[in-house]
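*Asks:*
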Amino acid sequence: MANEIAPSQTQAVAANPSASASFSRGEQSFQASVSNIQGMLLKNRRLLLLIASILMLAGFISLLFWTADAPYRPLFSNIDEKEAASIIELLQKEKVPYRLEGGGTVLVPSDQVYALRLKLAGQDMLPGNKTGYELFDNGNQLGISDFVQNVNLQRALQGELARTIEILPQVSAARVHLVLPKESAFIKRKRKASASVMLQLAGSSRLSKQSILAIQNLIAAGVPELERDDVTVVDSAGNLLTTKGESNSPTSAVQTYQEYQMSFERRMEERLTRMLEQIVGAGQAVVRVSAEINREHVEQSNQIFNPDEAVLRSESVIEESRRASDRRASGIPGVASNTPGAQQADASQPQEEAGRKEHISSFEISSTTEKRIIPFGEVEKLSVAVLVGGNVATQEDGSSTMTPRSQDELKSIRGLVEKAMGYNEDRGDSLEVQSMSLVDISSNEDAAAMQDMEAKAYYLELARYGVAGLALLLLAWFVLRPLGKRVLVQDSDAGNVNDEQPALSGQPSDSVEAAIEAMQLSIGSENLEHKALQVAAKEMIGKDTQMAARIIQQWTRQS
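Residue 408 in full-length UniProt numbering sits at position 408 of the sequence shown, with consecutive numbering throughout.
1) Does the beta-carbon of S437 have 16 or more other beta-carbons within 10 angstroms, so that it is buried, or is it exposed?
2) Ordered along the chain, which non-local residues of its own chain (more than five positions away) have a Cβ less than 7 angstroms from that of S406?
3) Can we say the segment 255 to 269 touches the segment 228 to 235, given the rule of at least three CB pairs closer than 8 angstroms?
4) Counting only the same chain and skipping the five closest in sequence on each side, list residues whose C-beta sits under 6 angstroms from that of S301.
5) Just the C-alpha distance for L382 and R117, rounded to the nearest angstrom, thanks.
6) DSSP beta-bridge partners for A291?
7) What is the DSSP secondary structure of V108, reduced to helix, strand or coil?
8) Go ahead and label K82 buried or exposed: buried means 16 or more other beta carbons lie within 10 angstroms of its beta carbon, across all protein chains shown.
9) Comparing alpha-carbon positions, which option in S321, G389, S314 lies nearest I365?
10) By the 10 Å Cβ neighbour count, where 16 or more other Cβ atoms means buried, how is S247 classified, buried or exposed?
11) In chain order, what residues of the same chain lie with their CB nearer than 7 angstroms to the CB of E418, ignoring the 5 residues before and after it?
12) Taking the alpha-carbon positions, what's the E94 to S110 distance?
13) For T164, name the three-state secondary structure that DSSP assigns.
14) If you compare alpha carbons, which of Q210, G159, H177, Q154 is closest to Q170?
15) Straight-line CA distance for I88 to A162?
16) Can you tell me the Cα-Cα spacing of Y260 and S194, whole angstroms?
17) By Cβ distance, which residues of its chain are closer than 8 angstroms to L218, with the 5 residues on each side in sequence left out?
18) What residues in its chain sit with their C-beta under 6 angstroms from that of L91, if we drop five residues either side in the sequence?
19) Helix or strand or just coil, what does DSSP make of G355?
20) If you run the structure through DSSP and keep just helix, strand and coil, what is W555?
21) Quick one: what's got a C-beta closer than 7 angstroms to Q373's C-beta in the same chain, skipping five residues either side?
22) Any chance you could list the alpha helix (DSSP H) runs of at least 4 consecutive residues sitting entirely within the segment 202 to 290, in chain order?
23) Compute the Euclidean distance between the alpha carbons of Y458 and A468, then round it to the nearest angstrom.
24) Is A463 helix, strand or coil when you go by DSSP?
25) Can you grab the Cα-Cα spacing for the pair Q278 / M198, in whole Å?
26) Check each candidate in R191, G238, H177, S205 and name the one with the smallest Cα separation from Q216.
27) Starting from the C-beta of P307, find all residues in its chain whose C-beta is less than 7 angstroms away, skip the five residues before and the five after it, and write them out in chain order.
28) Give me the Cα-Cα distance between V106 and F76, rounded to the nearest whole angstrom.
29) Helix, strand or coil for D146, going by three-state DSSP, please let me know.
30) Measuring alpha carbon to alpha carbon, tell me which of R427, S145, L387, V392 ends up nearest Q434.
31) Report the CB separation of T403 from G390 in whole angstroms; it is logged as a contact under 8 angstroms.
32) Reducing DSSP to helix, strand and coil, say where P169 ends up.
33) Considering only their Cβ atoms, is the gap separating L272 from V287 smaller than 7 angstroms?
34) Can you tell me whether DSSP reads D544 as helix, strand or coil?
35) With H, G and I counted as helix, E and B as strand and the rest as coil, what does DSSP make of E539?
36) Tell me the DSSP bridge mates of Q303?
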């Protein structure tokens, strides 16, 4: 073989005393190097094990703190960046732990939520805090121009109106913008005031038509010369809740009809239920009402004539009279009529005067004109279903039994309900009364909800500790167990090497020769001293092949 040691080189080493001395020094240095390397590896292994143990302990302590950490609850949500920055600055100053989430939500420990809110309210740092008339309480108002005063007055009025609207349970936030025309004596056509209201509804709440009208009337009543139709209401989703003239639109009429019908049915159900519970007991009566309401807006005009009653309409009276007069002289007055032989005029005949009187009366049949306006909402038909519980009897063993109510009791209940609902058979009303066993759904639902909440909290706490235990188990199995095995093997190998190194015995074998040849290839031979070290290593391995195999295995693991 190319890497085999020549016999002449071995003989030369044996014949040369200096070579033998160098061989002994090489053997000792080789053994010392092996021992130093093993000790260094053992120290590193133990150091790694120590570091892993410290990390495991730190992780376990952190996990305990995490599991024992108090739950966080929202302090405020949906706030802008400026308000969130001021709140976080206060929390940092008070050394209160906090978390930030998307959507402008600030989380703090649940046991400090209300105290922090009170502290922020005391410092006037609540988010969305509206400025009202207290704007005029700060600073000296002397020297402020009329323009600034008017702007501050408008801001204060807007803030006060927004505060009032936010009292509604369906509204979480509100903003009001007013447009107030400037008063002037030189403008004949005065501009009208207007208002815009932006509402942020709470959760999935919706505003009814009546609530929107209430907001419009509230704004119109609080601002001078502002009409209700000039108030525009919009929600945060961009939906227009009001439109001018919407009271005359078909959609508004249908919506108003539906709201009126539902309100009427609900009031009727509540009234009948309260009455029946006084008889059969609380929670033992169920009433459902279905009403058909007239949707038409009717205007009637009636004129009624009464032929039996004659009424003087007009009256006319005419009077005539006649009277005769005495005889009087006639002819031409003067000389001619008085001379002899002149023709004498005939004496005048007596005259007669006539008169006429006429009385006319006109009569007319009496009539009555009646005008009626019937708005929508008249009940056309009622359908009522009543369900009452039976008679409950308690047995001696504590159990309870239910027996249906008798027909006489149901008949009496039916009569009461008919009177209370205004039963009208001609109108087509219907009523059904039954007696059955009723289950208290409300208490069962409350108990079930409470049990679900307690179960969720229990399982969440159990999952926390389960995750902590599983993490520790995985850490011990995949990290500590392999490291421990390696340290034990290294300690055993080191002890065997140190114990067996002084007593070397045995003969070299073919496997050892192959190992030496591999070592020769890796090391290489450049001088005689290096060759002598190879020969010494070969002889040492030949004396104890088991020890050489362990050293090679140890090197393999370390590599």
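In this text, a Cβ means the ideal position worked out from N, Cα and C, and glycines have one as well.
*Replies:* On the basis of the data shown:
1) Answer is exposed; the Cβ neighbour count stays below 16.
2) Result list for S406: empty, nothing under 7 angstroms.
3) Between the segment 255 to 269 and the segment 228 to 235 there are fewer than three inter-stretch CB-CB distances shorter than 8 angstroms, so the stretches are not counted as touching.
4) Excluding residues within five positions, the ones whose Cβ falls inside 6 angstroms are K371.
5) C-alpha separation (whole angstroms): 52 angstroms.
6) A291 is bridged by DSSP to L382.
7) Strand at V108.
8) For K82, the number of other beta carbons within 10 angstroms of its own is below 16, and it is reported as exposed.
9) Measuring from the Cα of I365, the nearest candidate turns out to be S314.
10) With a pLDDT of 49 at S247, under the threshold of 50, the predicted position of this residue should be treated as unreliable, though the coordinate-derived value follows. Counting every other CB atom within 10 Å of its CB across the protein chains shown gives S247 a total below 16, marking it as exposed.
11) Taken in chain order, the residues that qualify are L431.
12) E94 and S110 have their C-alpha atoms spaced approximately 16 angstroms apart.
13) T164 sits in a helix when the DSSP states are folded into three classes.
14) Comparing Cα-Cα distances from Q170 to each of Q210, G159, H177, Q154, the minimum goes to Q210.
15) Taking the straight line from one Cα to the other gives about 26 angstroms.
16) Approximately 30 angstroms between the Cα atoms of the pair.
17) Around L218: L161, T164, I165.
18) Correct list, in chain order: Y98.
19) It is a strand residue.
20) Assigned with DSSP and collapsed to three states, W555 falls in helix.
21) The residue asked about is misnamed: residue 373 is Ile in this sequence, not Gln. Counting only Cβ-Cβ distances below 7 angstroms, and skipping sequence neighbours, we find E299.
22) Listed in chain order, the complete alpha helix (DSSP H) runs (minimum 4 residues) inside the segment 202 to 290 are 209 to 222, 250 to 280.
23) The alpha-carbon of Y458 is positioned some 16 angstroms away from that of A468.
24) Helix.
25) Rounded to whole angstroms, Q278 to M198 spans 46 angstroms at the Cα level.
26) Nearest in C-alpha terms to Q216, of all of R191, G238, H177, S205, is H177.
27) Same-chain partners within the cutoff: I365.
28) Going from the Cα of V106 to the Cα of F76 covers about 6 angstroms.
29) It is helical.
30) When only C-alpha atoms are compared, the closest one is L387.
31) Confirmed, about 5 angstroms.
32) If DSSP states are grouped into helix, strand and coil, P169 belongs with coil.
33) Between V287 and L272, the C-beta spacing is below 7 angstroms.
34) Assigned with DSSP and collapsed to three states, D544 falls in coil, not helix or strand.
35) In the structure shown, E539 sits in a helix (DSSP, three-state: H, G or I).
36) DSSP, once it has assigned bridges, lists T369 as partnering Q303.
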